[in-house]
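>
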Amino acid sequence: MAETSSAPEPEIQYASLAHQGETAEIGIWAFLSTEILFFGGMFLVYALYRQAFPIGFAEGSKDTKFIIGTVNLFILLTSSFTMAWAVELAGTEARRALTVLLLVTAALGLIFIGLKGFEYYEDVWIDHDFPGIIFPMSKPDARANELFWLLYWMLTGLHAVHLSIGVGLVLTFAHRAWRGAYIRYGKPIEILGYYWTFVDLMWVVLWTLIYLPGRNI
Amino acid sequence: MKGLAPPLRLIVTWAVLVALGGLSFGLSFIRFGAANTAVSLVIAAIMVVIIAIGYIKLEKAAPLARVFACVGLFWLLILFGLTATDYAWRAPPGISSSPSLRIEVPPYWQSRSGTER
Amino acid sequence: MTVPALPELTPVPELAPVTAVENYLTDDMSLRSWLFTLDHKRIGILFIITLTLFFFIGGAAAALIRIDLIDPAGLAPPALYNRMFTAHGILMVWFFLLPIIPAGLGNFVLPLMIGAHDVAFPRLNLMSWYILAISGGLAFAAIFIGGLDTGWTFYEPFTADFTNGHVIMALAAVFLSGFSSISTGLNFIVTTHRLRAPGMTWYRLPVFVWTIYATSVIFVLATPVLAATLLMSAVQRFLHVGVFDPALGGDPILFQHLFWFYSHPAVYIMILPGMGVVSELIPCFARKPLFGYEFVVWSSIGLAIIGFLVWGHHMFVAGISVYSALVFSMMSFFVAVPSAIKVFNWTATLHDGWISFDAPMLYALGFVILFTIGGLTGLFVATLGFDEYVHDTYFVIAHFHYIMVGGMVSAFFGGLHYWWPKMTGRLYNEWWARIAALLIFFGFNLTFFPQFILGYLGMPRRLYAYPPEWQFWNVLSSAGAAVLAVAYALPLFYLGWSLFRGERAGPNPWGATGLEWQTPSPPPKHNFETTPIVTRGPYQYTPEPIPQNA
Chain A
1 MAETSSAPEP
11 EIQYASLAHQ
21 GETAEIGIWA
31 FLSTEILFFG
41 GMFLVYALYR
51 QAFPIGFAEG
61 SKDTKFIIGT
71 VNLFILLTSS
81 FTMAWAVELA
91 GTEARRALTV
101 LLLVTAALGL
111 IFIGLKGFEY
121 YEDVWIDHDF
131 PGIIFPMSKP
141 DARANELFWL
151 LYWMLTGLHA
161 VHLSIGVGLV
171 LTFAHRAWRG
181 AYIRYGKPIE
191 ILGYYWTFVD
201 LMWVVLWTLI
211 YLPGRNI
Chain B
1001 MKGLAPPLRL
1011 IVTWAVLVAL
1021 GGLSFGLSFI
1031 RFGAANTAVS
1041 LVIAAIMVVI
1051 IAIGYIKLEK
1061 AAPLARVFAC
1071 VGLFWLLILF
1081 GLTATDYAWR
1091 APPGISSSPS
1101 LRIEVPPYWQ
1111 SRSGTER
Chain C
2001 MTVPALPELT
2011 PVPELAPVTA
2021 VENYLTDDMS
2031 LRSWLFTLDH
2041 KRIGILFIIT
2051 LTLFFFIGGA
2061 AAALIRIDLI
2071 DPAGLAPPAL
2081 YNRMFTAHGI
2091 LMVWFFLLPI
2101 IPAGLGNFVL
2111 PLMIGAHDVA
2121 FPRLNLMSWY
2131 ILAISGGLAF
2141 AAIFIGGLDT
2151 GWTFYEPFTA
2161 DFTNGHVIMA
2171 LAAVFLSGFS
2181 SISTGLNFIV
2191 TTHRLRAPGM
2201 TWYRLPVFVW
2211 TIYATSVIFV
2221 LATPVLAATL
2231 LMSAVQRFLH
2241 VGVFDPALGG
2251 DPILFQHLFW
2261 FYSHPAVYIM
2271 ILPGMGVVSE
2281 LIPCFARKPL
2291 FGYEFVVWSS
2301 IGLAIIGFLV
2311 WGHHMFVAGI
2321 SVYSALVFSM
2331 MSFFVAVPSA
2341 IKVFNWTATL
2351 HDGWISFDAP
2361 MLYALGFVIL
2371 FTIGGLTGLF
2381 VATLGFDEYV
2391 HDTYFVIAHF
2401 HYIMVGGMVS
2411 AFFGGLHYWW
2421 PKMTGRLYNE
2431 WWARIAALLI
2441 FFGFNLTFFP
2451 QFILGYLGMP
2461 RRLYAYPPEW
2471 QFWNVLSSAG
2481 AAVLAVAYAL
2491 PLFYLGWSLF
2501 RGERAGPNPW
2511 GATGLEWQTP
2521 SPPPKHNFET
2531 TPIVTRGPYQ
2541 YTPEPIPQNA
């Protein structure tokens, strides 16, 4: 543990460790801007079809599991809190606290995925809301409804993929944090925090688009 | 150890976000008509900004990082804006009323053979 | 920022005639060291080899197209013909033209040009190559086991609901290749921002770096939208639901909007790096500074941005609203401004220069001529009224081949010849190279100029047969394709020969000014023995003969 607690050497192309850290920060932001456009393409499809089929989309949204989605919102907001707290502790001697916070963050992420999985289970096996394979055509405005559900699956599915990657990363980083890798150099945790919080931020938007319409019908 | 406590900033951010989420949840049941969507989107935008400032500390990030974040949003605006020039002046998509045009092919997952249809 | 403070500005030392004993090629010769390399130079070479392979496969498909069209009735079965033009389009666009100059040449020279020891994220760089190789293999497999006939554009709802073939596999390949584009683009953006050598200010960057930067911006901002679109397309086909299917409530034109939001900027990915290469070649072989450096730089950035505002001109007859078409048509005319700025600047650079017609310069001059023709005919098709008539005809085919093949492929060959001594440490045979350059120019025009006429006469694209009165022009075009095939194969031989028997090159065989020429050929493993300090702008040429093999 003694050798890992010293600050790492910068890679050959960097003048200093700070140089490397700031470069990584810019890199993650460039990456996140691609993510904005990745989800953005689907948001455009969502916006146009919701404009075209307001009733079908409201009816579709009404059948989503609002409580699970909202609980998941609060879980992710809390996980971002623990993540941001962990970022505060990165680069300090608080090795144990950092590891615990990262583990809590990962655990919250896993709870999110678990709840999401339960929600998917209900969607498919109880309500039969899976477009193309099993979808009740007796629903009001069924074709538009099906479009909504398709976007539901794609958007939440991609979000879940992002979150699963995030959980894997956080667990990896927690392992390294336990071994003292971030006592002298906390920038990697900060980079991880950007990604994690971005995934949370995306859920705020998805939750608003997917669960809220049609609640007051 | 005092240094381990979460900064006040994070606690406040978390509390405000949870409150806003709850507000959005509650308001969705009330009938505002078209304003429902607007209200929920405004709240979502506020939440996004609060996350960006409270958790991510975007105002302290490298200037270039902020530029990149804005560039992503700006290009999204181009995508939406120029597509809107088309949809603003023509009939929105609808469900086709002539099903006879459609050739029904069994979906991929139903096909018996191993090859794609 | 964190670029270390300069002690004092020292003048660039005169070219040291160093022949590196240890260089990046001899550092470790094992296959394993190549497959796990993090060296941007080796990764660049891996890209060039892989992409050249795809180029020749895509070229073989093009040869079959031209053979089919010799006879008005079509020599190939129609289904095969459809699969061939699809294979040609997919392989050439995504697995050659998009990545070749940025990820191939750019990977090799960009860090050298800015005086960096490597790119910012070397592992990401290697990952990019693996992703591209795998996705290219997947695309090739999809074509090899039966192919698909959607065209490279995957238009809906045909792609999802009405065609047979291995569409999902091809969609997956293109989707995957997007990750490679994004990784490479992101890497170059960050590298250019953060890893410039001390004293290398933005206005001291060679234009090539600027154009690669502009290209990378497009990579990063456009590719995700394509990924989302193709994903929805594949899901629609797999689940039989209607994202873009009008019978199920979807809108096929929305697919075109999303697709061209990526694919029009992608056209600029396929020309901007070529412009960068040419901006390096012309000053070097005219022995003059680049005329109007700032204008060339900002017209590159301008092209990258305006390129995002014009995608609707691919859809004039697809059913978009007339007002929208007007907006897109007007925007498309604006593209001509930065393009013309560049052409005028290159011409002004040539004016009164000490021009030597070495092979790279021949390619560069070919580029300027062919790009000008392609660009001007672009104005034709950007005009609403004219486009109504030539849309989906060979006029469009000829127009974009003048840009992509006449422009980009010429520029690639020019750049490859120019940097070949730097990459390999060997000189190629100049006479063979000149013959190949002239053959390419001649063969290209013979292939594609008749297609302008055919398109103007009304011959639609993507059809395996045509009325007999068009046979004359089609035969001419096919004959040109035969010349082109020979000309493209020639460099394989003399460049390959030079690898083993070529004369050893000095560090700066062209007497060029860039930083990449101040390190030995081939460069050492980490590019520079000591980080260079830059004290002057690019292209400070004085009119004098080029020292051969200095």
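Chains as they are written, first to last, in the numbering used here: chain A, 1 to 217; chain B, 1001 to 1117; chain C, 2001 to 2550. Quick reminder that beta carbons are idealized off the backbone N, C-alpha and C, glycines included.
Consider the Cβ of A/Leu209: report whether some Cβ of chain C lies at a distance smaller than 9 Å.
For A/Leu209, the answer is no, since every Cβ of chain C falls outside 9 Å of its Cβ.
> With H, G and I counted as helix, E and B as strand and the rest as coil, what does DSSP make of C/Leu2148?
If DSSP states are grouped into helix, strand and coil, C/Leu2148 belongs with the strands.
> Is the distance from the Cβ of C/Leu2350 to the Cβ of C/Lys2288 below 9 Å?
Cβ atoms of C/Leu2350 and C/Lys2288: closer than 9 Å.
> Please classify C/Arg2287: does DSSP put it in a helix, a strand, or coil?
C/Arg2287 falls in the coil class under three-state DSSP.
> Sort C/Trp2152, C/Gly2414 and C/Leu2051 by Cα distance to C/Ile2090 and report the nearest one.
Comparing Cα positions, the closest option is C/Trp2152.
> When the Cα of B/Ile1043 is compared with those of B/Leu1023, B/Trp1014 and B/Ile1011, which residue comes out closest?
B/Ile1043 has its Cα closest to that of B/Leu1023, out of B/Leu1023, B/Trp1014 and B/Ile1011.
> Confirm, please, whether the CB-CB distance from C/Leu2427 to C/Ala2512 is below 9 Å.
No; because the gap between Cβ atoms is not below 9 Å, this pair is not in contact.
> What residue from C/Leu2254, C/Phe2188 and C/Ala2087 has the CA that sits closest to C/Pro2122's CA?
When only C-alpha atoms are compared, the closest one is C/Phe2188.
> Determine the direct distance from the alpha carbon of A/Phe39 to that of C/Ala2228, and round the result to whole angstroms.
Going from the Cα of C/Ala2228 to the Cα of A/Phe39 covers about 7 Å.
> DSSP on A/Phe130, reduced to helix/strand/coil?
Strand.
> Could you name each continuous alpha helix (DSSP H) segment of 4 residues or more that falls completely within the stretch 2218-2291 of chain C, going from the start of the chain to the end?
If we require 4 residues or more, the alpha helix (DSSP H) runs fully inside the stretch 2218-2291 of chain C come out as 2252-2269 and 2272-2286.
> Please classify C/Leu2038: does DSSP put it in a helix, a strand, or coil?
Reduced to three states, the DSSP call for C/Leu2038 is coil.
> Could you tell me the alpha carbon to alpha carbon distance between B/Leu1073 and C/Trp2129, rounded to whole angstroms?
B/Leu1073 and C/Trp2129: Cα-Cα distance of roughly 29 Å.
> Residues in the same chain with beta-carbon distance under 7 Å from C/Glu2430, minus the five sequence neighbours each way, listed in chain order, please.
Hits under 7 Å: Asp2358 and Ala2359.
> Using a Cβ cut-off of 9 Å, pull out every chain A residue sitting near B/Arg1090, in sequence order please.
Those within 9 Å of B/Arg1090 in chain A number zero; the least Cβ separation is about 12 Å.
> Give me, in chain order, the residues of the same chain whose beta-carbon lies closer than 7 Å to that of C/Ala2160; leave out the 5 immediate sequence neighbours on both sides.
Around C/Ala2160: Ser2233, Gln2236, Arg2237, Phe2244 and Asp2245.
> When DSSP builds the beta bridges, which residues end up paired with C/Gly2374?
Per DSSP, none; premise fails for C/Gly2374.
> DSSP on A/Thr34, reduced to helix/strand/coil?
Three-state result, A/Thr34: helix.
> Please state if the CB of C/Ile2341 and the CB of C/Phe2412 are separated by a distance shorter than 9 Å.
No. Outside cutoff.
> Note down, in chain order, each residue of its chain lying with its Cβ closer than 8 Å to the Cβ of A/Glu223, except the 5 sequence neighbours on either side.
It is not possible to answer for residue 223 of chain A, since the shown part of chain A is limited to 1 through 217.
> Contact between the stretch 2192-2211 of chain C and the stretch 2163-2183 of chain C is defined here as three or more beta-carbon pairs at a separation below 8 Å; is this criterion met?
Judged by Cβ distances under 8 Å, the stretch 2192-2211 of chain C makes no contact with the stretch 2163-2183 of chain C, as fewer than three pairs qualify.
> Under the three-state reduction of DSSP, which class applies to C/Glu2503: helix, strand or coil?
In this structure, C/Glu2503 counts as strand in the three-state DSSP scheme.
> Please name the residues in the stretch 1074-1089 of chain B whose beta-carbon is closer than 7 Å to at least one beta-carbon of chain C, in chain order.
Cβ contacts with chain C come from Trp1075, Ile1078, Leu1079, Leu1082, Thr1083, Thr1085, Asp1086 and Trp1089.
> To the nearest angstrom, report how far apart A/Leu171 and C/Leu2226 are at their CA atoms.
Cα to Cα, the separation comes out at about 31 Å.
> Report the option in C/Leu2064, C/Ile2070, C/Met2092 and C/Val2093 whose CA atom is closest to the CA atom of C/Ala2079.
Ranking C/Leu2064, C/Ile2070, C/Met2092 and C/Val2093 by Cα distance to C/Ala2079 puts C/Leu2064 first.
> Taking DSSP's pairing of strands, which residues face C/Gly2165 in a bridge?
Paired residues: C/Leu2148.
> Round the Cβ separation of A/Glu190 and A/Val87 to the nearest angstrom and send it over; I've been treating them as touching at under 8 Å.
Going by Cβ atoms, the distance from A/Glu190 to A/Val87 rounds to 5 Å, so yes, they are a contact pair.
> May I have the straight-line CA-CA distance separating C/Ser2478 from C/Leu2171, to the nearest angstrom?
When rounded, the distance between both Cα atoms is 30 Å.
> What is the DSSP secondary structure of C/Thr2393, reduced to helix, strand or coil?
C/Thr2393: strand per DSSP, three-state reduction.
> Can you tell me whether DSSP reads C/Leu2427 as helix, strand or coil?
DSSP places C/Leu2427 in strand when its eight states are reduced to three.
> Does the ligand SAM have even one heavy atom less than 8 Å from the beta-carbon of C/Asn2125?
In terms of ligand content, the structure shown is empty, and the ligand SAM therefore cannot be addressed.
> Compute the Euclidean distance between the alpha carbons of A/Ile210 and C/Phe2328, then round it to the nearest angstrom.
Going from the Cα of A/Ile210 to the Cα of C/Phe2328 covers about 33 Å.
> What alpha helix (DSSP H) runs, 4 residues minimum, are completely inside the stretch 1057-1088 of chain B?
Whole alpha helix (DSSP H) segments, 4+ residues: 1063-1087.
> According to DSSP, what are the bridge partners of C/Pro2460?
C/Thr2393.
> My guess is that A/Ala30 and B/Phe1068 are in contact by the Cβ rule of under 8 Å, so how many angstroms apart are they, rounded?
Going by Cβ atoms, the distance from A/Ala30 to B/Phe1068 rounds to 5 Å, so yes, they are a contact pair.
> Are the Cβ atoms of C/Thr2223 and C/Gly2185 separated by less than 9 Å?
Yes, the pair counts as a contact, with Cβ atoms nearer than the cut-off.
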